[in-house]
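According to this note's numbering, the sequence shown is numbered sequentially starting from 35.
The beta carbon of each residue, even a glycine, is placed where N, CA and C say it ideally should be.
Presented below is the structure to which this report refers.
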Amino acid sequence: MPTNNSYDGYGTYDRNRSGVGANRAALIIHTIGDVAAGFLGLWILLYLLEANQGNVFVEFVHGVADWLAAWSQDIFTMDSEGVRVFLNYGLPAGLYLLLGHGIAARVRRV
Numbered sequence: 035m036p037t038n039n040s041y042d043g044y045g046t047y048d049r050n051r052s053g054v055g056a057n058r059a060a061l062i063i064h065t066i067g068d069v070a071a072g073f074l075g076l077w078i079l080l081y082l083l084e085a086n087q088g089n090v091f092v093e094f095v096h097g098v099a100d101w102l103a104a105w106s107q108d109i110f111t112m113d114s115e116g117v118r119v120f121l122n123y124g125l126p127a128g129l130y131l132l133l134g135h136g137i138a139a140r141v142r143r144v
């Protein structure tokens, strides 16, 4: 006699649902690290290309980059201003990328 097993497909949904929150949290952490590194990289690029410091967009990017890299200012004191900016803003950009991706990978495993 045939039986109606209309609820058999619901078991697979519960199995995949347990990692949804961890994946979303990892995606948020990953994105925050990428955005932070993006602002720092954009400021390095704007500085090295000698962008107009009076422009509102350039001032905004510089302000965000200064805030993100406040802890690393003047770690490197070079004679060349371009190298100094590259190192003092590049170090936090690299760390934000490494930490963001590393923490996100760890959260995804939980």
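Between the beta-carbon of residue i and the beta-carbon of residue j, is there less than 8 Å?
i: G134; j: I63; result: yes
i: L74; j: A99; result: yes
i: N86; j: V92; result: yes
i: D113; j: N122; result: no
Could you spell out where the alpha helix (DSSP H) holding residue i opens and where it closes?
i: W105; result: First-last for W105: undefined, no H or E at that position.
i: N122; result: 115-143
Indicate the three-state DSSP secondary structure (helix, strand or coil) for residue i in the structure shown.
i: L83; result: coil
i: N89; result: coil
i: T65; result: helix
i: G72; result: helix
i: F110; result: coil
i: G53; result: coil
Hey, is residue i's beta-carbon within less than 8 Å of any beta-carbon in chain B?
i: I66; result: Among the chains of the structure shown, chain B does not appear; only one protein chain is present.
Here's a check: name, in chain order, each residue in its chain whose Cβ is nearer than 8 Å to the Cβ of residue i, leaving out the five neighbours to either side.
i: L102; result: A70, F73, L74, P126, Y130
i: T111; result: R118
i: L80; result: V92, V95, H96
i: W105; result: P126
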